[in-house]
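Protein chains in written order, with this note's numbering: chain A, 1 to 292; chain X, 1001 to 1298; chain L, 2001 to 2370. No residue lacks a Cβ here, since even glycine has one placed at the ideal position from N, Cα and C. Note that the structure is a prediction, hence the values are computed from the model and not measured. Below: one structure, written as C-alpha cells.
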Amino acid sequence: MSIATQDTDVNTGKIARTFIYLVLLVFALFYLLPFFVMVVNSLKPLDEITGGNMMALPDKWTIQPWLSAWSSAQIGVEPTGLKPYFVNSILMVVPAVAISTFLGALNGYVLTKWRFKGDTILFGLLLFSCFIPFQIVLIPMATILGKIGLAGSIPGLVLVHVVYGVGFTTLYYRNYYAAFPTELVRAAMMDGAGFFRIFWRIMLPVSGPITVVSVIWQFTNVWNDFLFGASFGGQSQPMTVALNNLVQSSTGVKEYNVHFAGAILAALPTLLVYIVAGRYFVRGLMAGSVKG
Amino acid sequence: MARHASDADFRTKLQEWIPKLVLSPSIALMLVFVYGFILFTIYLSFTSSRMLPKYDLIGFDNYARLWGLSAWWTAVTNLAIFASLYIFICTAIGLTLAILLDQKIRGEGMLRPIYLYPMALSFIVTGTAWKWFLDPGIGLENTMHLWGWDSFSFGWIKDRNMAIYTIVIAAVWQTSGFVMAMFLAGLRGIDNEILKAAQIDGASNWSLYRRIVIPMLRPAFLSAFVILAHLAVKSYDLVIALTGGGPGRATELPATFMYSYTFTRNQMGTGAASAVIMLMTIAAIMMPYLYAELKEKK
Amino acid sequence: MGFLDISNVTKSYGTVEVLHQVDINVEEGEFLVLVGPSGCGKSTLLNMIAGLEGITSGDISIKGRVMNGVHPSNRNIAMVFQSYALYPNMTVGQNMTFGLEMHGVEKSKRDVALKDVAKLLQLDQLLDRKPGQLSGGQRQRVAMGRALVRDPDVFLFDEPLSNLDAKLRVDMRTEIKKLHEKLKTTIVYVTHDQIEALTLSTRIAVMNGGYVQQLGTPKEIYDTPANLFVATFMGSPAMNVLPAKVSTIDGVPYAQIIDGEGQPVSLRFSQENMADWDGKDILLGIRPEALTDPEGADRKSTNIATFHNAIDVTEPAGSDTFVTTTLGDADVIARLRADTDVASGQMFEFAVNMDKAVVFDPVSEQRIAP
C-alpha cells in the first residue's frame, strides 16, 4: 500500500527506537506464526504431528497431504477432495464479481454525475444494505431461491452475492467518481457525447485504480463467504463450506496435515490476489472507509 | 421565435431518463432482496412459523419466548463480552502499531503486508488454524511441554468459561492489522506542520500524541468502531470453524443461535425474532453514522 | 434582435430565485464579459446559455433559434472550463477532435480542422502528448483549441484564467484578446476579475445578487458606474467614496467634506445641475487616479481643486505611489507619480479632478451625476 503521503516528523531517542522495533517484530511474529505452523505441518506425515513438535520443520518432507486434500480427501460422504468445490467457487466468484463491479461502476457514475432529487436517500439505503446482518434475509432468501428454482445452484449464489455486494461496489465507485471533475462530464456533454458514451470514453478509461479495489474486495468477500454458501449452496457448495466439512468431519482419524493443506488451498487465491495487488486494495479501502 | 421553452428536444428528455433507468435494476434488487426481505423476516417474527413460514400473527410471543431462553441469553452475553473485547483490543493494537510504524521505520514496506495479510483469509481458514494452534493436545501447550516448560497450561478452547476468549484472540488476529491500516492512513493525513508547531511549543512525544495526534484521529476511531462493531454482530463463520459454538453452547453468538434455531431446530419464528434483534443492534450503530456521513457530503 | 438573445431569463432553485429578469442582447463578434463577486449568478447564467442548467422562465436564443431545452451539444456552442476539463486519457489531438467525432464528422475533415487550429495556437508539437504532460498555459491553449475546432456560433469561457499564475494570466489574456480580434468570434466570458473584464471585453455586464447591475462598454462602466456597487467593484484600487453635503454659493454647487483635521473643504462640482441637491447629503466617488499631486493632475481637466491634508500611509508600487489620507472620516487612496517625495505624517497638497467625480444618492445608491 502506498497511502504514505508523509512520515511523521516526531523524533525519538535511541532506546525508544530499539523498543519500537522490538514491539513491531513481536507483532510480526504473532501474525506470521499461525500461518507458518500451518504450512510446516501440511508438509509433514501425520505421525510427526501427533507425536512431535508443531514448531519443528518436517523430518520427512511430503506433499502427500496436499494431493490428498486436493483430490481424494473425504468431504462429507464423498472422497472427492476439494477440487470440485474449488471449481464451484471459481464459477461463482467470476460472474458475481464481474456483475457487481459493473453495476457498482454504473451506479457510482449516476449518483455522482447525473444527480437527481432523492439520490442521497437511495444511496443511503444502498449503503445500509452493506452492513445488515445477513441472518435477517436468510429465511426469505431460502424461500425465494426455492421458488425461482435457483436453490442449491451456482446462479443462485451468484445472485445472492451480486445483491449483497453491489452496495459496496457502488460506495467505492461513488467516492472515486465524486473526486472526478464534473467539468469533464460537462465538456463531454457539450462535445456531444451522451450518457453511455461519456461512461465508456471518459469515465471507464480512468477507473483503473478503483476497479482493482472493487474487484479485489468483491473477490475476497465472495470467495471467503461461508454463511450463504452453507445456507444456499446445496449441490454447489463453495470451497469454504467444503473446507469446514473436511475439518469438522467426525469419522475416522483426524488427518491434520490434510486439513492444513486444505486450509491453505482455500486461502491461496485470496492470498495471491492480496500479494499481487494488495497495495491498491488497502489504498482503496482507506478511501472507502475512512472518508466514508 | 420558432419554438417554446417547454418544447425540450427528445434527446434531452431521454438523457434525463437514462440515468434513472440505469440505476433502477440495483435499486429494485435492493428494495426486494434487502428491504423487502427485512420486512418479511420482521413479519415472520410475529408468526408461529416453525419449519416452514406460516402467516398467522401471534403478536410478541416469539420475542417473549426468545428472551426466556437461556441459550439466547448465553448468546447475547457472549456477544457483549466478545464485541467489547474485540473492539477494544483491535483498536488498541491497531493504534499502537500504526503509531510505532509511523516513526520512520526501516522495513515498513515489509511489516505492513505481514500485519495485513490475515484479513485476506476466510474466517474458516483462520478458525481452522487457531483451532489447532490452541488445542492443548497438539498445539501450543504441547509444544511448550516438549520444550521443557512442563507446568505450561493453555486449555481455554476446551474450557466452557474461557472458550469465548479464544474467539476474541482469533478475531483480533484477523482484523487488527486492518485497523492498523486505517489509523496509519489517518496519521499520514495529519499535517506535519502541526506536529512541528507542537514540538516548538515544547510538547513531549507523549503529550504530543495524547493531546494533539490522537484527538485528530477521531474520524478513524469512529470508522474503526463502526466497522468492528458490525463485524462483531455478524460473526458467524469464525465460531463455526473454531469452536462450533461449543464446548456445549459456551460460545454461541446471536448469529449462530439464529441459524441453528431456524434451520436445525425448526423454530423459524424465534429465529426470525433473533435476526430482528440483530438488525436493530446494527441499525442503532450504523444509522447515526450513515446519517452524519451522507449529510456532510451534500 | 441580436445574435445571442437573453430575454427575461430567471432561474430558481425551489422557491429561491437566484437570477432575476436578465435581459442581454449580444451582437455577432461581440466580446461580452459577465463579471461579479462569487455567488452573483454569472456562472449560472453561462451554464444556462450552454444548456447545462435549465431555464426557469424567459428565453435564450442563438441566431433567432430558441435554445430552451435543446441539448448542449445541439446548440453549436463551445465552452472553455475553469479547470480546462481535458480528458486525461486522451492525447491533445484526441481531446480537440472528440467533439467533432461525436458529431459524426469524418476523420479526414477532423484532421484538417485540427491542423488549422493547432497551427493557430502553436500546439503542433504537442498533439500526441497527454494533458498530464502539459504546463498550465499549454493546457489552457488546448482547452481553447478544443473549442475553436468546433467552429461554434458562440464561445463560452468560464473563468478560464483563474488557475494560472499571475504572469501567465496576463500573457494568456493578451492571447485571448488577439485571438478575438483575429477571428471576430462571439464570446461570452465569465470572470470575477474586474481587470480581465475591462481589458478583454467590448461590453461588460456587472452582476450582483442575481441582478445585472449595469450593462455597458468598459468605458461607460468605469467612468459612469450606474450605482455604488458597480463603482466600487470595478477598478483597482477601488473608487473612494466619501460622504459629503451639497451647498451652493452664488448658484454654483460645491461638495462640502471634512478633512483629516476636522476642517471643511469645498470642492466645486463640474455639473451645474448638482445645485438642485443644495443642502442634501450625497456620496462623492473619486477614483484614486483623480486624486493626485498638483503636478500630476490631468492637464485636460476643466476643474481641479486643491487642498492640504496629512498623509497616513505611503505605498510605493513602482510605477505609482499610493498614499492613504483621511477625508470625510474615511480612508482615501490617492495615486501619485512614482517619484513623488512623500512620507507618512507629512502635510501634502492634493489635487482633485472634479470632472471625473461621480455622485451617488446615499439612500438609493444610484448615480445622480454626471
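Residues that residue i contacts on chain L, provided the C-beta gap is smaller than 8 Å
{"i": "Ala179(A)", "result": "Residues of chain L passing the Cβ test: none, with the nearest at roughly 13 Å."}
{"i": "Gln1015(X)", "result": "His2071"}
Neighbour list for residue i in chain L, Cβ cutoff strictly below 7 Å
{"i": "Pro205(A)", "result": "Asn2089"}
{"i": "Ile148(A)", "result": "Going along chain L, no residue has its Cβ under 7 Å from Ile148(A), so there is no contact; the nearest lies around 41 Å."}
{"i": "Ile202(A)", "result": "Tyr2087"}
Inter-residue Cα distance where the pair is residue i and residue j
{"i": "Asp1201(X)", "j": "Gly1189(X)", "result": "21 Å"}
{"i": "Lys2011(L)", "j": "Asp225(A)", "result": "52 Å"}
{"i": "Val253(A)", "j": "Leu82(A)", "result": "18 Å"}
{"i": "Ser289(A)", "j": "Met92(A)", "result": "For Ser289(A), the predicted structure reports a pLDDT of 42, less than 50, and the residue's modelled location is therefore unreliable. A value from the coordinates is still provided. Roughly 26 Å separates the two Cα atoms."}
{"i": "Val2048(L)", "j": "Gly2054(L)", "result": "Residue 2048(L) is actually Met in this sequence, not Val. Going from the Cα of Met2048(L) to the Cα of Gly2054(L) covers about 6 Å."}
{"i": "Ala1129(X)", "j": "Ala1292(X)", "result": "39 Å"}
{"i": "Met1096(X)", "j": "Ile1214(X)", "result": "Per the sequence shown, the amino acid found at residue 1096(X) is Thr instead of Met. About 11 Å."}
{"i": "Leu1986(L)", "j": "Gly2036(L)", "result": "The question about residue 1986(L) has no answer, for chain L in this structure spans 2001 to 2370."}
{"i": "Asp2116(L)", "j": "Arg2110(L)", "result": "10 Å"}
{"i": "Thr1993(L)", "j": "Thr2232(L)", "result": "Outside the displayed range of chain L (2001 to 2370) lies residue 1993(L), so it cannot be described from this structure."}
{"i": "Arg1050(X)", "j": "Leu227(A)", "result": "21 Å"}
{"i": "Tyr1115(X)", "j": "Val26(A)", "result": "11 Å"}
{"i": "Arg2146(L)", "j": "Thr112(A)", "result": "25 Å"}
{"i": "Ala69(A)", "j": "Glu255(A)", "result": "10 Å"}
{"i": "Ile3(A)", "j": "Thr220(A)", "result": "At Ile3(A), the pLDDT of 40 sits below 50, so the modelled position is not reliable; the number obtained from the coordinates is stated separately. So the two alpha carbons sit approximately 21 Å from each other."}
{"i": "Gln2082(L)", "j": "Val2212(L)", "result": "22 Å"}
{"i": "Ile2333(L)", "j": "Arg2287(L)", "result": "8 Å"}
{"i": "Leu243(A)", "j": "Thr1012(X)", "result": "55 Å"}
{"i": "Gly1137(X)", "j": "Val1226(X)", "result": "38 Å"}
{"i": "Phe168(A)", "j": "Pro269(A)", "result": "21 Å"}
{"i": "Met190(A)", "j": "Tyr2013(L)", "result": "23 Å"}
Partners in chain L for residue i, counting only beta-carbon separations shorter than 9 Å
{"i": "Thr1012(X)", "result": "Gly2051, Gly2069, Val2070, His2071, Pro2072, Asn2074"}
{"i": "Arg186(A)", "result": "Asn2047, Ala2050, Leu2052, Pro2072, Met2079, Phe2081, Ala2085"}
{"i": "Arg115(A)", "result": "What Arg115(A) touches in chain L: nothing, since even the nearest Cβ is about 13 Å away."}
{"i": "Glu78(A)", "result": "Those within 9 Å of Glu78(A) in chain L number zero; the least Cβ separation is about 51 Å."}
Paired residues, beta bridge with residue i - DSSP
{"i": "Thr2097(L)", "result": "Per DSSP, none; premise fails for Thr2097(L)."}
{"i": "Met2347(L)", "result": "Ala2310(L)"}
{"i": "Asp1061(X)", "result": "Asp1061(X) pairs with nothing; no bridge assigned."}
{"i": "Asp301(A)", "result": "Not covered by the structure: residue 301(A). The range shown for chain A is 1 to 292."}
{"i": "Ala2205(L)", "result": "Leu2034(L), Leu2215(L)"}
{"i": "Gln2366(L)", "result": "Asn2227(L)"}
{"i": "Val2190(L)", "result": "Leu2034(L), Asp2158(L)"}
{"i": "Glu2315(L)", "result": "Phe2322(L)"}
{"i": "Val2358(L)", "result": "Gly2285(L)"}
{"i": "Tyr2222(L)", "result": "In DSSP, Tyr2222(L) forms no bridge with anything."}
{"i": "Tyr2013(L)", "result": "Val2016(L)"}
Cross-chain neighbours of residue i in chain A, by beta carbon under 7 Å
{"i": "Val1022(X)", "result": "Leu106, Val110"}
{"i": "Gly2099(L)", "result": "Asp191, Gly192"}
{"i": "Val1139(X)", "result": "Note on residue identity: the sequence assigns Gly, not Val, to residue 1139(X). By Cβ distance, chain A contributes Met54."}
{"i": "Pro1113(X)", "result": "Gly278"}
Partner residues on chain A for residue i, Cβ-Cβ distance less than 9 Å
{"i": "Leu1085(X)", "result": "What Leu1085(X) touches in chain A: nothing, since even the nearest Cβ is about 17 Å away."}
{"i": "Trp1173(X)", "result": "Phe30, Tyr31, Pro34"}
{"i": "Ile2187(L)", "result": "The premise fails here: Ile2187(L) is roughly 15 Å from chain A at the closest Cβ pair, so nothing lies under 9 Å."}
{"i": "Leu1294(X)", "result": "Thr120, Ile121, Phe123, Gly124, Leu127, Gly292"}
{"i": "His2192(L)", "result": "The contacting residues do not exist; His2192(L) stays about 17 Å from chain A at best."}
{"i": "Trp1130(X)", "result": "Pro34"}
{"i": "Ile1027(X)", "result": "Asn107, Leu122, Leu125, Leu126"}
{"i": "His2103(L)", "result": "Asp191, Gly192"}
Chain-ordered chain X contacts of residue i [CB-CB under 7 Å]
{"i": "Tyr274(A)", "result": "Tyr1117, Ala1120"}
Neighbour flag for residue i against chain D, beta carbons, 8 Å
{"i": "Gly278(A)", "result": "Here chain D cannot be found, since the structure's protein chains are A, X and L."}
Subject >> Complete beta strand (DSSP E) runs within the region 2232-2311 of chain L (minimum length 3 residues, chain order) >> reply: You should have 2240-2249, 2252-2258, 2264-2268, 2281-2286.
Subject >> Contact list for the region 1198-1221 of chain X against chain A, Cβ threshold 7 Å >> reply: Cβ contacts with chain A come from Asn1205, Leu1208, Pro1219, Ala1220.
Subject >> Interface positions of the region 1036-1066 of chain X facing chain A (Cβ-Cβ less than 7 Å), listed along the chain >> reply: Listed in sequence order: Phe1037, Ile1038, Phe1040, Thr1041, Leu1044, Pro1053.
Subject >> alpha helix (DSSP H) runs wholly inside the region 235-283 of chain A, at least 4 long, in chain order >> reply: 239-248, all fully within the region 235-283 of chain A.
**OP:** May I have a chain-ordered list of the alpha helix (DSSP H) segments no shorter than 4 residues that lie completely inside the region 2129-2183 of chain L?
**Re:** Segments of the alpha helix (DSSP H) lying fully in the region 2129-2183 of chain L: 2136-2149, 2166-2183.
Original post:
Name the residues in the region 155-170 of chain A whose C-beta lies less than 9 Å from a C-beta of chain X; which are they?
Top reply: Those residues of the region 155-170 of chain A that come within reach of chain X (Cβ to Cβ, closer than 9 Å) are Leu159, Val160, Val162, Val163, Tyr164, Val166, Gly167, Thr170.
Subject >> Complete alpha helix (DSSP H) runs within the region 139-178 of chain A (minimum length 4 residues, chain order) >> reply: The alpha helix (DSSP H) runs of length 4 or more contained entirely in the region 139-178 of chain A are, from start to end of the chain, 154-178.
Subject >> Entirely enclosed beta strand (DSSP E) segments - the region 1036-1104 of chain X, minimum 3 residues >> reply: Complete beta strand (DSSP E) runs here, min 3: none at all.
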